[in-house]
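*Asks:* Going letter by letter, the sequence shown gives residues 4 to 71 in the working numbering.
Heads up, the beta-carbon is just placed ideally off N, CA and C, and yes, glycines get one too.
Take a look at this one; I'll ask things after.
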Amino acid sequence: MADRLDLTDAAWRKSTYSNGQGGCIEVDDAHPGRVRDSKDPHGPALVFPSEAWKSFVAAVRSGEFGDA
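And the structure:
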């Protein structure tokens, strides 16, 4: 089993890509790649390598995945 990452130091903010229709995520700017569901702040978080997260954000911004 993987070690649990201590996220108590995370400074969460709602992503600018969140919408008012249930698609709400929070990100930790101090540690790119930390993502959680804003509706479940005490639930699990996804943690990606920083470079992978930056590549994903760049792809979203460029429209690589189309319109949601």
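Quick one, are the C-beta atoms of Gly36 and Ala55 less than 8 Å apart?
*Replies:* The residue you call residue 36 lines up with position 33 of the sequence shown. The residue you call residue 55 lines up with position 52 of the sequence shown. Yes; because the gap between Cβ atoms is below 8 Å, this pair is in contact.
*Asks:* Work out the CA separation of Asn22 and Ser53 for me, nearest whole Å.
*Replies:* To locate residue 53, count along the sequence shown from 1; it is residue 50. To locate residue 22, count along the sequence shown from 1; it is residue 19. Cα-Cα distance, rounded: 24 Å.
*Asks:* Arg7 and Val30 - do their beta-carbons sit closer together than 8 Å?
*Replies:* Here residue 30 refers to the residue found at position 27 when the sequence shown is read from its first residue. Here residue 7 refers to the residue found at position 4 when the sequence shown is read from its first residue. Their beta carbons are not under 8 Å apart, which means Val30 does not touch Arg7 by this criterion.
*Asks:* Among Gly69, Cys27 and Thr19, which has the Cα closest to the Cα of Val44?
*Replies:* Counted from its first residue, the sequence shown places residue 44 at position 41. Looking at the sequence provided, one finds Pro at residue 44 rather than Val. Of Gly69, Cys27 and Thr19, the residue nearest in Cα terms is Cys27.
*Asks:* Where do the ends of the beta strand (DSSP E) carrying Ala48 lie?
*Replies:* Along the sequence shown, read from residue 1 onward, the residue named residue 48 stands at position 45. Its beta strand (DSSP E) spans residues Ala48 to Val50.
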